[in-house]
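Heads up: the sequence shown runs through residues 1 to 85, numbered per the UniProt record's numbering.
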Amino acid sequence: MTQLTGSVETPTIPLAYDLTWTALVAACVALTVAALVSIFRTPHDRMASKFWWSALVVVIPFVGAGVWFLFGAPPLRRAQAERSS
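Listed below in structure tokens is the structure:
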């Protein structure tokens, strides 16, 4: 192998792209974990509903967590009233 002398280019991506993707992945992981914790802390009528909600969040993390927080999670006031009684 012949090694060239002079300038060496690194085949890496720019730092801004790397940091942006890292932040997006970290946010997706945090949202998924928060949704799973919320699912398991919420009382459900059937155990199967916990399974299907958590399966949705694990298979389609960002969309599944968003759907859970928009439609599946109980409203905050109702959840606080259930805990206090």
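All residues carry an ideal CB built from backbone N, CA and C; glycine is no exception.
- Inter-segment contact for the stretch 56 to 73 and the stretch 35 to 47 is present: three or more beta-carbon pairs are separated by less than 8 Å.
- Contact holds between the stretch 45 to 65 and the stretch 17 to 34, because three or more Cβ pairs, one in each stretch, are under 8 Å apart.
- Counting along the chain, no alpha helix (DSSP H) covers Phe-69, and no H or E run does either.
- For Pro-14, the secondary structure class from DSSP, reduced to helix, strand or coil, is coil.
- In this structure, the straight-line span from the alpha carbon of Ala-26 to that of Leu-19 is close to 10 Å.
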